[in-house]
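Chemist:
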Amino acid sequence: MMHLLKFGKYSCKVFNLKTLFLPLFFCAETFFADAQHLTATRISAIDNQPVNASYISNRTPLQKQHFIKLPVGSIKAGGWLKKALELQRDGLTGNLGEISIWLSKTDNAWLNREGKGKYGWEELPYWLKGYADIGYMLNDPKMIKEAKFWIDAVLNNQRENGDFGPDVRRKGNRDLWTNMPMLWCLQSYYEFTKDARVIPFMTKYFRYELAVPDNEFLEDYWENSRGGDNLLSVYWLYNRTGEPFLLDLAAKIDKNTANWRQNNNLPNWHNVNIAECFREPATFYLQSHDQKDLNATYNDFKLVRAIYGQVPGGMFGSDENARKGYDDPRQAVETCGMVEQMTSDEMLLRDTGDPMWAENCENVAFNTFSAAFMPDYRSLRYLTAPNMVISDSKNHHPGIANEGPFLMMNPFSSRCCQHNHAAGWVYFAENSWMATPDNGLVATLYTEGKVNAKVRKNRNISITETTHYPFADQISFTINAEKTTRFPLYLRVPAWCKNPSVKVNNKLISLKSTEGNYIKLKKRWKNGDRITLQLPMELQVQKWTNNKNSISVNYGPLTYSLKIDENYTRKNSIATAIGDSGWQPTADPEKWPSYEIHPASAWNYGLLIDEQHPEKSIEIIRRNWPQDRRPGHGRTRSIAVSSRN
Numbered sequence: 004m005m006h007l008l009k010f011g012k013y014s015c016k017v018f019n020l021k022t023l024f025l026p027l028f029f030c031a032e033t034f035f036a037d038a039q040h041l042t043a044t045r046i047s048a049i050d051n052q053p054v055n056a057s058y059i060s061n062r063t064p065l066q067k068q069h070f071i072k073l074p075v076g077s078i079k080a081g082g083w084l085k086k087a088l089e090l091q092r093d094g095l096t097g098n099l100g101e102i103s104i105w106l107s108k109t110d111n112a113w114l115n116r117e118g119k120g121k122y123g124w125e126e127l128p129y130w131l132k133g134y135a136d137i138g139y140m141l142n143d144p145k146m147i148k149e150a151k152f153w154i155d156a157v158l159n160n161q162r163e164n165g166d167f168g169p170d171v172r173r174k175g176n177r178d179l180w181t182n183m184p185m186l187w188c189l190q191s192y193y194e195f196t197k198d199a200r201v202i203p204f205m206t207k208y209f210r211y212e213l214a215v216p217d218n219e220f221l222e223d224y225w226e227n228s229r230g231g232d233n234l235l236s237v238y239w240l241y242n243r244t245g246e247p248f249l250l251d252l253a254a255k256i257d258k259n260t261a262n263w264r265q266n267n268n269l270p271n272w273h274n275v276n277i278a279e280c281f282r283e284p285a286t287f288y289l290q291s292h293d294q295k296d297l298n299a300t301y302n303d304f305k306l307v308r309a310i311y312g313q314v315p316g317g318m319f320g321s322d323e324n325a326r327k328g329y330d331d332p333r334q335a336v337e338t339c340g341m342v343e344q345m346t347s348d349e350m351l352l353r354d355t356g357d358p359m360w361a362e363n364c365e366n367v368a369f370n371t372f373s374a375a376f377m378p379d380y381r382s383l384r385y386l387t388a389p390n391m392v393i394s395d396s397k398n399h400h401p402g403i404a405n406e407g408p409f410l411m412m413n414p415f416s417s418r419c420c421q422h423n424h425a426a427g428w429v430y431f432a433e434n435s436w437m438a439t440p441d442n443g444l445v446a447t448l449y450t451e452g453k454v455n456a457k458v459r460k461n462r463n464i465s466i467t468e469t470t471h472y473p474f475a476d477q478i479s480f481t482i483n484a485e486k487t488t489r490f491p492l493y494l495r496v497p498a499w500c501k502n503p504s505v506k507v508n509n510k511l512i513s514l515k516s517t518e519g520n521y522i523k524l525k526k527r528w529k530n531g532d533r534i535t536l537q538l539p540m541e542l543q544v545q546k547w548t549n550n551k552n553s554i555s556v557n558y559g560p561l562t563y564s565l566k567i568d569e570n571y572t573r574k575n576s577i578a579t580a581i582g583d584s585g586w587q588p589t590a591d592p593e594k595w596p597s598y599e600i601h602p603a604s605a606w607n608y609g610l611l612i613d614e615q616h617p618e619k620s621i622e623i624i625r626r627n628w629p630q631d632r633r634p635g636h637g638r639t640r641s642i643a644v645s646s647r648n
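For the sequence shown, the working numbering assigns the number 4 to the initial residue and increments by one for each residue that follows.
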């Protein structure tokens, strides 16, 4: 029996999850290539004790980070990832302002100094944090201008007491949840522009938060669950100003946030809350230095996946909330949950250096997240499941938790996901490179593109990354530097790769084979130096014993599903929208239709396979790289597997 993954027009491609729970750390020999003055070392973890001279990192008394996020604008995506961002720009993300009622510039609470207005909650900042960053990454003037319109409104409308944004009240108390994602928008904007208004604005707001009595602070469900997002912004500001009161506020936020430190339970089982909030204890660990806080985040991750995550794709079954007895691959997860899980993985990778988080981030990104959209990114659905052979407008309750058309590809629907999906790919790109404490760089999430960064002695360098990963196993890096500079360059080795190899300027560097590690290359890098990383892929079978011994077939980082022919049925977006959806009066459902997707070929197959030697049962089929840079799309699919039976 095999559980099938289906991604609309995309082949299902998923990471092998067997590496997620126990990161493997090894330390191996150091090899010297004297002619190149190069040291090449396999290391277990990157030393976080030095202090990076070029980038803002954690101030005392916060724990030192293993990796440091580069400022927004430092990384430019290329290849298939840039194409995805361009499709978002030209699709739903870039045009949501003409559809969503919550992005209306009439009677919008985000544009009102007193926070009054008919429309104003999480939707605007959910959308803006992705929309703005896509604009910054693509250097798109129209998007940058539109983002600034909203950010200027926020900065110009701060109230005397320091509060800002929609004045939402729950049981008489100020609901602060909506401001948390907007703070992230301001942080990205500041990193990109250095606008001097941002720092005093955030300082004044956090003084307001500190003054709110504990019995009125983070009391409502969403803000209480998601206080960790607020905490991250406090640390971001503390690292730039060093204001002592911010540490007091951080402790207050942690104290009043839901308890994500329980051994065998969670404060709630909402899928987005889980993906977004399980990291809160690890975030506060930066201040507490209490190992139990860090362990709690790992425990939450393992707990959820042990019960509801025995499927490929990096996520877990929680179609709104995880429910007892609903734990097989037919159970879905929100697109919002995917974005938040990727974001959490990226943050935890920075704070811990644990490559496990990079593995899971790629897993979710390449496989589950990409399944949630139409190929042109003009529509998405609320829920996506590993075993999903139909995507329609029918009510599938109680198979899924909520009643309504939750499986429909609809640009007018899926209110939270409709806005929050925007950040998924651009955050992934922004975290594909990070700075290291020893004034080097680490390639964390492999994707074609270019990074502009500062290394030793504050010197500017850029590295151009050329690859078709994850659809191919070779990754090349070209150094662009005005002056020869010695600095460490780290390359992550995925846990599934048994025999990585590295060449520097076409000279093979001998490396002992181990899994789940980093390669450290250190030399006097000069302009034009070229590094080639080879990550040989092998067929592997993953058995999901808790799901009736189902299997998934992996080739390197990818898992494959049965190719199912599809019938697309165009529908009216308004008529097939979820009940809490909202659109502007001028939004045109003819321009933005919804779609049902039905199977047009048999899908209820099992797979006969030699589990120990899958290469005897399966052959790899490679095709030319598509000119449209869409390697996972229908006819241009660049790699596939075929059963020999």
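C-beta: ideal position from N, C-alpha, C; glycine also.
This one's a predicted model, so the numbers in the text were calculated from it and none came from an experiment.
What is the rounded straight-line gap between the Cα of Val-157 and the Cα of Asn-164?
Modeler: So the alpha carbons of these two residues sit roughly 14 Å apart.
Chemist: DSSP puts Glu-599 in a beta bridge; with which residues?
Modeler: Paired residue(s): Thr-572.
Chemist: Out of curiosity, what's the CA-to-CA distance linking Asn-509 and Thr-355?
Modeler: Looking at the two C-alpha atoms, the distance is approximately 33 Å.
Chemist: With DSSP as the reference, label Thr-96 as helix, strand or coil.
Modeler: Three-state DSSP puts Thr-96 in a helix.
Chemist: Is there contact here, the stretch 177–195 with the stretch 116–135, by at least three beta-carbon pairs under 8 Å?
Modeler: Counting Cβ pairs under 8 Å, three or more are found: they touch.
Chemist: Taking only three categories from DSSP, how would you classify Pro-26?
Modeler: Bear in mind that the predicted position of Pro-26 carries a pLDDT of just 32, short of 50, making it unreliable; the figure below should be weighed with that in mind. In this structure, Pro-26 counts as coil in the three-state DSSP scheme.
Chemist: Does DSSP classify Met-318 as helix, strand or coil?
Modeler: Coil at Met-318, not helix or strand.
Chemist: Based on DSSP bridge pairs, tell me the residues matched to Ala-475.
Modeler: None; Ala-475 has no bridge partner.
Chemist: Which residues in the same chain have their Cβ closer than 6 Å to the Cβ of Ser-236, if we skip the five residues on either side of it in sequence?
Modeler: If we look at Ser-236 and ignore the five residues flanking it on each side, its Cβ neighbours are Leu-186.
Chemist: Between the beta-carbon of Lys-79 and the beta-carbon of Gly-531, is there less than 8 Å?
Modeler: Not a contact, by the Cβ cut-off of 8 Å.
Chemist: According to DSSP, simplified to helix, strand and coil, what is Phe-287?
Modeler: Phe-287: helix per DSSP, three-state reduction.
Chemist: I'd like the list of long-range same chain contacts for Asp-232, defined as Cβ closer than 6 Å, with 5 residues on each side in sequence excluded.
Modeler: Cβ neighbours of Asp-232 beyond the five flanking positions: Met-183.
Chemist: From Ile-71 to Asp-591, what distance separates their C-alpha atoms?
Modeler: Taking the straight line from one Cα to the other gives about 44 Å.
Chemist: Within its chain, find whatever has a CB closer than 7 Å to the CB of Val-75; leave out the 5 residues flanking it on each side and keep chain order.
Modeler: Cβ neighbours of Val-75 beyond the five flanking positions: Asp-136, Tyr-139, Ser-191, Glu-194, Phe-195, Glu-433.
Chemist: Would you identify the three-state DSSP class for Gln-294, choosing helix, strand or coil?
Modeler: DSSP places Gln-294 in helix when its eight states are reduced to three.
Chemist: Can you tell me whether Arg-633 is helix, strand or coil according to DSSP?
Modeler: The answer is coil: DSSP assigns Arg-633 none of H, G, I, E or B.
Chemist: Could you check the C-alpha separation between Glu-622 and Val-544 for me, to the nearest Å?
Modeler: Their backbone Cα atoms lie some 14 Å apart in a straight line.
Chemist: Nearest-angstrom Cα distance between Cys-188 and Asp-155?
Modeler: Near 11 Å, if we compare the C-alpha coordinates of Asp-155 and Cys-188.
Chemist: Near Tyr-134, which residues of its chain fall below 8 Å by C-beta distance, leaving aside the five closest residues on each side in sequence?
Modeler: Here the set comprises Thr-96, Gly-97, Leu-99, Met-146, Glu-149, Ala-150, Ala-425.
Chemist: What is the rounded straight-line gap between the Cα of Thr-481 and the Cα of Thr-439?
Modeler: Each residue's Cα considered, the two are about 19 Å apart.
Chemist: Assign Val-75 to one of three DSSP states: helix, strand, or coil.
Modeler: The answer is coil: DSSP assigns Val-75 none of H, G, I, E or B.
Chemist: Are the stretch 393–404 and the stretch 357–367 in contact at 8 Å, needing three or more beta carbon pairs?
Modeler: Touching, no, given that fewer than three Cβ pairs across the two stretches are closer than 8 Å.
Chemist: Please state whether the Cβ-Cβ distance between Gly-559 and Asp-476 is less than 8 Å.
Modeler: Yes; because the gap between Cβ atoms is below 8 Å, this pair is in contact.
Chemist: Assuming Lys-525 contacts Pro-491 (C-beta within less than 8 Å), just tell me the rounded distance between them.
Modeler: Their Cβ separation, rounded to whole angstroms, is 4 Å, which keeps Lys-525 and Pro-491 in contact under 8 Å.
Chemist: Give the straight-line distance between the Cα atoms of Leu-179 and Phe-220, rounded to the nearest whole angstrom.
Modeler: Using only the alpha carbons, I get a separation of about 8 Å.
Chemist: For Ala-278, collect the residues of the same chain with a Cβ closer than 7 Å to its Cβ; drop the 5 residues on either side in sequence, then sort them by chain order.
Modeler: Within the same chain, Ala-278 has close Cβ partners Gly-340, Glu-343, Gln-344, Ser-347.
Chemist: Measuring alpha carbon to alpha carbon, tell me which of Ala-199, Met-205, Arg-243, Asp-251 ends up nearest Asp-217.
Modeler: Answer by Cα proximity: Asp-251.
Chemist: Just curious, the alpha helix (DSSP H) that Pro-203 is in, first and last residue?
Modeler: It spans 201–214 - the alpha helix (DSSP H) in which Pro-203 sits, taken as one unbroken run.
Chemist: For the alpha helix (DSSP H) holding Leu-186, just list the boundary residues, first then last.
Modeler: Start and end: 182–196.
Chemist: Looking only at C-alpha atoms, which of Leu-213, Asn-259, Lys-546 sits nearest to Glu-246?
Modeler: Residue Leu-213 is the option with its Cα nearest to Glu-246.
Chemist: Cα separation between Asn-51 and Gln-68?
Modeler: Going from the Cα of Asn-51 to the Cα of Gln-68 covers about 6 Å.
Chemist: Which class does Thr-481 belong to by DSSP, given the choice of helix, strand or coil?
Modeler: The answer is strand: DSSP assigns Thr-481 an E or B state.
Chemist: So Trp-436 is in the beta strand (DSSP E); what residue range does that whole segment cover?
Modeler: Its beta strand (DSSP E) spans residues 436–438.
Chemist: Straight-line CA distance for Phe-304 to Ser-504?
Modeler: The straight-line gap from Cα to Cα measures roughly 32 Å.
Chemist: Within the stretch 358–441, note down every full alpha helix (DSSP H) run reaching 4 residues or more, in order along the chain.
Modeler: List check, alpha helix (DSSP H) in window: 358–366, 418–423, 426–433.
Chemist: Taking only the alpha-carbon atoms, compute the straight-line gap between Ile-612 and Ser-620 and give it to the nearest angstrom.
Modeler: Whole-angstrom Cα-Cα distance: 5 Å.
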